[in-house]
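In terms of the numbering used here, the sequence shown is residues 2 to 156. The C-beta atom is built at its ideal place from N, Cα and C for all residues, glycine as well. Accompanying notes for the structure given below.
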Amino acid sequence: MQTTSDIDQAVVATLNELLETCRDGEYGFNACASRTSNPELKAIFEQRSKECTSAALELYAHVLDLGGKPEEGGTTGGAVQRGWAAVRGLLSGNSDYAILDECERGEDMALAHYRKAAKHVLPNDVRVLVERQLQGTQANHDQIKALRDQCKERA
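Have a look at this one:
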């Protein structure tokens, strides 16, 4: 039988995974903003990075409320993806299409993490937070994918 403490620890672990995912998004969008020369894309990436920061702060507060210790970095997978994006960017001359393509890969990873978290047993306030952030991540993904598709059509 699970105790309240066990459940809280599981919720903290879930929130910490999402916290790391948000940090990956923050770092990834900042990297994309620094690689593009397109002012519209730069503004979009900078805004998405700020949204990831806000989401991370919300998750951080919930982890503390549950008596947990918030994670301080991103995920290993996120670091690998950012590294791959940098290499791919160098090889492709940091084309907007390549940048958007890597951004979409990052958003695919974030969506997978949020969908996994949404399947967990969560207190109602945490569930509302996770589902709201999942919807935001889906909207980000859809926008990035649409921009990538438009960029591909122009090429």
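Leaving aside the five residues that flank residue 115 on each side, the residues in its chain whose CB is nearer than 6 Å to its CB run, in chain order, 135 and 138. With fewer than 16 other beta carbons inside 10 angstroms of its own, residue 73 counts as exposed.
Here the C-alpha atom of residue 68 lies approximately 11 Å from the C-alpha atom of residue 12. Sixteen is the threshold: since fewer than 16 other Cβ atoms of the shown chains lie within 10 Å of the Cβ of residue 41, the residue is exposed. Look at the beta carbons and you see the segment 23 to 40 not touching the segment 116 to 124: under three pairs across the two are nearer than 8 Å. As summarised for the segment 92 to 127, the continuous alpha helix (DSSP H) elements at least 4 residues long and confined to that stretch are 97 to 119, given in chain order. Nearest Cα to residue 101 within the set 15, 10 and 153: 153.
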